[in-house]
Structures are given as C-alpha cells and as structure tokens.
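Notes to accompany the following structure.
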Amino acid sequence: MKHNQAIALLVALASSAAASQAFAQSAPYPGEDPAKLFGYEIDARETDSTRVAEKALRAVQRARETADEVKMVFGANRFHFVALKPDSMDMVRPEVGKRESDVSRLQAAIESNALFYTAMRSEGIAASDIIGAELADGESGLSSEKRVTIYLAP
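Those letters in the sequence shown? Residues -24 to -1, 1 to 130, by mature numbering (1 follows the signal peptide of the UniProt record, and there is no 0).
So this is what it looks like as structure tokens:
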C-alpha cells in the first residue's frame, strides 16, 4: 500500500511540473507588447461627444447580448477604448443603473477572454470601468478580424 501511494505522489509531482512549464510558455515575455504578440491595434481616447454617448448608451442596452458574443470571440484586429467624460456619462448613467447585472456580466465575460484581458492590461484598464462594448466584423468579414469598441466610465 505504501508503495502505491509513493508512486501516485511521484506521478502527481511529475505531471504538475509539466503543466507549469506549459502555462509559463503561454504568457508573453515581460515587457513584450501584447498587441504585437496577438496582432491587433489598440487605440484609447477620452471623449465628450453626444454621438459617442448615444453609441455607449446602445452598448449598455445590449450588454447582456454582447457578453454572450464576447465569450465566442477568438480574434480581433483592433481594440478601441473610449473613456466617456462626465457630461457624456450623465446621459448613460441611468441606463447603467437599470442594467447593472447585465453590465457586470459583460465585465466578467471581457475579463475572462484572454484576448480582451490582454488588451485591457496593456492599457491599464480595469474591468470594473467597462460599461459597454460593441463588436463589429472587420472589413474582410472574417470572424478573426473583429473590431472591438469598449466604453469606459470616468
């Protein structure tokens, strides 16, 4: 019985060592730009445009559906982060309050998608700042070339 336990312990140790090697190889090297590694562009800006606030409002209204879409995205060629200024946020805030659970669901979906998470991390963005997102097909129509716009609360 002791012999079998020792063998089981050795097998467990050997398999965990191999797994840690595999996980270590999947992470980008420190200091390496994730956008170059994954081949997407990142653009971040702040805006106070009424037109952008209206788009953000529609994105908040679709937060639940977008969360489901985000789970299936495996490729993107552009991430656009739009931080709303306080005046634009005043237009969107009531809808965010009404759809708090949908927005939380979207935040969790975005944070759990490695592609989205890496883009957010490279810009220093927390998932808790996200209020909405839009996913659009790229010019080629390929599902691996999504254009992503993420709206952020101030």
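By construction, the Cβ of each residue, glycine as well, lies at the ideal position given by its N, Cα and C atoms. Computed from a predicted structure; not experimentally measured.
Point to revise | Bridge partner(s) assigned by DSSP for Y127 | key: V58, G108
Review point. CB-CB under 7 Å to F92, same chain, minus the five flanking residues each way: which ones, in chain order?
Key: V46, I86
Exercise for review: Please determine if the stretch 61 to 69 and the stretch 98 to 106 are in contact, where contact requires at least 3 C-beta pairs separated by less than 8 Å.
Suggested key: no
Review point. What is the C-beta distance between L82 and A43, in whole angstroms, given that I count them as a contact (C-beta under 8 Å)?
Key: 4 Å
Check your understanding: Quick one: what's got a C-beta closer than 7 Å to V72's C-beta in the same chain, skipping five residues either side?
Key -> V36, V79, I107
Review point. Which stretch, first to last residue, makes up the alpha helix (DSSP H) that contains D113?
Key: It is not in any alpha helix (DSSP H) - D113 carries neither H nor E in the DSSP assignment.
Point to revise | Closest Cα partner of E41 within the set I101, L111, T125, R123 | key: L111
Check your understanding: DSSP state of A90, grouped into three classes?
Key -> helix
**Study point:** According to DSSP, residues forming a beta bridge with A52
**Key:** K122
**Study point:** Counted within 10 angstroms of its Cβ, other Cβ atoms place T125 as buried (16 or more) or exposed
**Key:** buried
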